[in-house]
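Residue numbers (the working numbering), protein chains in the order written: chain Z, 1 to 236; chain V, 1001 to 1236. Notes follow the structure.
There are 2 protein chains.
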Amino acid sequence: MSFQQLSRTEHLPKRIAEEIGRGIAGGRFASGDKLPTEHILAQTFGVSRSVVREAIAQLRNEGMVETRQGVGAFVTDPQRRATIRVEQASLADPVSLRNFFQLRLPLEIEAARLAARHRTPTEIAALDEALDGMVKARDWLDEGVKADLAFHRALAAATQNEFYAIFLGYIAEKTSTSINTSFPREMGAEIVKVTIGEHAAIHGAVVAGDAPRAGEAMRQHLINSAARLGITLETS
Amino acid sequence: MSFQQLSRTEHLPKRIAEEIGRGIAGGRFASGDKLPTEHILAQTFGVSRSVVREAIAQLRNEGMVETRQGVGAFVTDPQRRATIRVEQASLADPVSLRNFFQLRLPLEIEAARLAARHRTPTEIAALDEALDGMVKARDWLDEGVKADLAFHRALAAATQNEFYAIFLGYIAEKTSTSINTSFPREMGAEIVKVTIGEHAAIHGAVVAGDAPRAGEAMRQHLINSAARLGITLETS
DNA sequence: CGATACAAGGTTATCAGACAACCCTACAAG
DNA sequence: CTTGTAGGGTTGTCTGATAACCTTGTATCG
């Protein structure tokens, strides 16, 4: 038995921000255009200026508009967004998920290589623990997935490159969530064993400091896990 | 003669958001902790509640906190941020810039390979135009840089993978801005010519549909342009 | 004794109005 | 032609109040 997630008309500013955002994305406001004044927007939407201000603040955070005191709010050049945001919903589409995997592939491979070169005892311990967590996991969909994520995060940390940690952490998280919500599947004991084996191969190469082998093991792991979802990746 | 860019005490809410954000990142607030009430925060920082609210709204947008009406604001699990944001200021440090380049490297290489396989006439035209823009640019620091960005954006688009466009567009933009603001340099005619030549090599391989050669040309280009900044990249 | 209903207090969400800071324009003064 | 100044408009911030909501404790009733 499952209940509907009812949406109880949440967060006025967010809805207005989306409304204005659609106006921008839909081309009703061109790059450089000045938005109506907060006063007029408040009147238009029938809310107070506070709400409009919060909505505009959100758009500003996302880099879609810039405000100048005493002048107004202007639509930013869409190519210079301040943040990267991938909507979870957009990954529900199998083609998009495949594309996302295709993006992740070279990053993870390079991360594995760098990790093999730069790992320290701290990160080796984290990798050990994550692998151990996979082995001991009673329920793969819960504990196993968590350990999987922890493994990839520890690997990203081992590169000693903060940006790999940020980007891969985000990408791995999105991927995992997307799979669990949009493409849930039971993992048989056999498949779990294979998955763990792939991680163990990466682990071994990284600990040994063998960069090429770590990269290759990671490539295989990603291609295989994609294949388990029915996704075929391009390899080069 | 050049003047300092003075910072005119900008945007109260932003500064407070950063302050609270540091508190979270620095571990003063653990995951799940409840932040002080808006009233108390306003008192603490010596500003009005409006400002605090806007600051919290920003943190909520970035996924660092969640608010519940009538209860309070809580620190979100730091591992599931909703967005990726790289502070421009953090790229002023040469080491960080190097790390950022190191992240960009495998992505651009793979993008070049994918572009060679999937480019369509539309994107070839865009690449042509960007290359032409570099050749004709009178001032490299302005028109040249723009054409450079356009080239890399067109390449990302040619992968037919929306995520490469999003991520590489963001990364290339950040890199370019960072170089121009933190490490400005005059580019002699010789260097410009070499740079254009590297792009032409990529262009040629992509148009020819030669994926391995496109990837290799991109690798060389990135390694060389990093070297021109005094940055040495790890290659694998 | 246990479960439900209700009241009280605290917190965020929204509203309303005001003033401050700032920018742009136009016009006057030199 | 350049500089100074006044005016109006817009965003930034402040203050106070009300609504919506959640939590907790207490009272009521079986």
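From the three backbone atoms N, C-alpha and C, an ideal C-beta is built for every residue, glycine too.
Subject >> Three-state secondary structure (DSSP) of Ala1082(V) >> reply: Three-state DSSP puts Ala1082(V) in coil, outside helix and strand.
**OP:** Check Gly1169(V) in the structure and name its three-state DSSP category.
**Re:** It is helical.
Subject >> Beta carbon proximity, Gln1043(V) to chain Z, threshold 8 Å >> reply: Not an interface residue.
Original post:
What is the DSSP secondary structure of Gly1027(V), reduced to helix, strand or coil?
Top reply: Secondary structure of Gly1027(V) (DSSP, three-state): coil.
**OP:** Taking only the alpha-carbon atoms, compute the straight-line gap between Gln1102(V) and Arg1049(V) and give it to the nearest angstrom.
**Re:** In a straight line, the C-alpha of Gln1102(V) is about 42 Å away from that of Arg1049(V).
Original post:
Per DSSP, what kind of secondary structure is Glu1234(V) in: helix, strand or coil?
Top reply: It is coil, neither helix nor strand.
**OP:** On a CA-only basis, which of Ala157(Z), Val52(Z), Asp93(Z) and Lys34(Z) is nearest Thr76(Z)? Give me that one, please.
**Re:** Of the candidates Ala157(Z), Val52(Z), Asp93(Z) and Lys34(Z), the one whose C-alpha sits nearest the C-alpha of Thr76(Z) is Lys34(Z).
Subject >> Collapsed DSSP secondary structure at Ala1075(V) in the structure displayed >> reply: Checking the displayed sequence, the identity of residue 1075(V) turns out to be Val instead of Ala. Reduced to three states, the DSSP call for Val1075(V) is strand.
Original post:
Which chain Z residues are close to Tyr1028(V), counting only those with a beta carbon under 8 Å from its beta carbon?
Top reply: The sequence given here has Arg at residue 1028(V), not Tyr. Correct list: empty, because the minimum Cβ distance to chain Z is about 20 Å.
Subject >> Enclosing beta strand (DSSP E) for Thr67(Z) [first to last residue] >> reply: Looking at the DSSP string, the run of the beta strand (DSSP E) that includes Thr67(Z) is Val65 to Arg68.
Subject >> CA-to-CA distance, Lys136(Z) to Ala55(Z), given in whole angstroms >> reply: Answer to the nearest angstrom: the Cα atoms are 46 Å apart.
Original post:
Under a CB-based cut-off of 8 Å, is Asn161(Z) close to chain V?
Top reply: So yes, Asn161(Z) belongs to the interface.
Original post:
Any idea which residues DSSP pairs Lys34(Z) with across the strands?
Top reply: Paired residues: Phe74(Z).
Original post:
For chain V, is any of its Cβ atoms less than 8 Å away from the one on Leu229(Z)?
Top reply: The C-beta of Leu229(Z) comes no closer than 8 Å to any C-beta of chain V.
Original post:
So what does DSSP say about Gly204(Z), is it helix, strand or coil?
Top reply: In the structure shown, Gly204(Z) sits in a helix (DSSP, three-state: H, G or I).
**OP:** Could you tell me whether any Cβ in chain V is nearer than 8 Å to the Cβ of Phe238(Z)?
**Re:** Within the shown structure, residues of chain Z are numbered from 1 to 236, placing residue 238(Z) beyond reach of any answer.
**OP:** Examine chain V for any beta-carbon lying closer than 8 Å to the beta-carbon of Arg22(Z), and answer yes or no.
**Re:** Arg22(Z) does not count as touching chain V.
Original post:
Should the segment 111–123 of chain Z be regarded as contacting the segment 88–96 of chain Z, the criterion being three or more beta carbon pairs within less than 8 Å?
Top reply: Under the 8 Å Cβ criterion, the segment 111–123 of chain Z does not count as touching the segment 88–96 of chain Z, having fewer than three qualifying pairs.
Subject >> Chain-order list of residues whose beta-carbon lies under 6 Å from that of Ala1226(V) (same chain, five-residue window excluded) >> reply: Around Ala1226(V), the same chain offers Phe1101 and Leu1233 as residues with beta carbons nearer than 6 Å, after the five sequence neighbours per side are excluded.
Subject >> From Gly1188(V), Glu1066(V) and Ala1157(V), residue whose alpha carbon lies closest to that of Ser1031(V) >> reply: Of the listed residues, the one whose Cα sits closest to Ser1031(V) is Glu1066(V).
Original post:
CA-CA distance, Glu1018(V) and Ala1200(V)?
Top reply: Between Glu1018(V) and Ala1200(V), the C-alpha separation is close to 43 Å.
Original post:
Under a CB-based cut-off of 8 Å, is Arg68(Z) close to chain V?
Top reply: Interface annotation, Arg68(Z): not in contact with chain V, CB-CB separation never under 8 Å.
**OP:** Go ahead and pull the three-state DSSP assignment for Ser1225(V).
**Re:** Helix, per DSSP.
Subject >> Coil, strand or helix - Val1180(V) by DSSP >> reply: The sequence given here places Asn at residue 1180(V); Val does not occur at that position. Per DSSP, reduced to three states, the secondary structure at Asn1180(V) is helical.
Original post:
Do Pro106(Z) and Ile1084(V) come within 8 Å of each other at the CB atom, strictly closer than that value?
Top reply: No, the Cβ-Cβ distance between Ile1084(V) and Pro106(Z) is not below 8 Å.
**OP:** Please classify Asp1148(V): is it buried, with 16 or more other beta-carbons within 10 angstroms of its beta-carbon, or exposed?
**Re:** That one is buried.
Original post:
Can you give the Cα-Cα distance for Arg260(Z) and Arg1219(V), rounded to whole angstroms?
Top reply: Since the first residue shown for chain Z is 1 and the last is 236, residue 260(Z) is missing from the structure and cannot be characterised.
Original post:
So which residues on chain V does Ile301(Z) lean against when the C-beta distance must stay under 9 Å?
Top reply: The question about residue 301(Z) has no answer here: the residues shown for chain Z are numbered 1 through 236.
Subject >> Cα-Cα separation, Leu1012(V) to Val1145(V) >> reply: So the two alpha carbons sit approximately 33 Å from each other.
Original post:
What is the DSSP secondary structure of Val52(Z), reduced to helix, strand or coil?
Top reply: DSSP places Val52(Z) within a helical segment (H, G or I) once states are collapsed to three.
**OP:** Go through its chain and collect everything with a Cβ distance to Met1001(V)'s Cβ below 8 Å, but skip five positions before and after it.
**Re:** For Met1001(V), the predicted structure reports a pLDDT of 46, less than 50, and the residue's modelled location is therefore unreliable. A value from the coordinates is still provided. Sequence-distant Cβ neighbours of Met1001(V) in its own chain, meaning closer than 8 Å and more than five residues away, do not exist here.
Subject >> Residue nearest to Met88(Z) in terms of C-alpha spacing, selected from Val47(Z), Gly23(Z), His203(Z) and Thr181(Z) >> reply: For the record, residue 88(Z) in the displayed sequence is Gln; it is not Met. Of the candidates Val47(Z), Gly23(Z), His203(Z) and Thr181(Z), the one whose C-alpha sits nearest the C-alpha of Gln88(Z) is Thr181(Z).
Original post:
Who are the near neighbours of Phe1003(V) in its chain, counting only those whose CB is closer than 8 Å to its CB and skipping five residues on each side?
Top reply: Unreliable positioning characterises Phe1003(V) in this predicted model, as indicated by a pLDDT of 49, which lies under 50. The coordinate reading is nonetheless provided below. For Phe1003(V), where only same-chain residues beyond five positions count, there are no Cβ hits under 8 Å.
Subject >> Under 8 Å between C-beta atoms of Ala1150(V) and Gly1169(V) >> reply: In this structure, Gly1169(V) does not lie closer than 8 Å to Ala1150(V) by Cβ.
Original post:
If you run the structure through DSSP and keep just helix, strand and coil, what is Val1192(V)?
Top reply: Helix.
Original post:
Using a Cβ-Cβ distance under 8 Å, would Pro1036(V) count as near chain Z?
Top reply: Under the Cβ distance rule, Pro1036(V) does not count among the residues neighbouring chain Z, no pair being separated by less than 8 Å.
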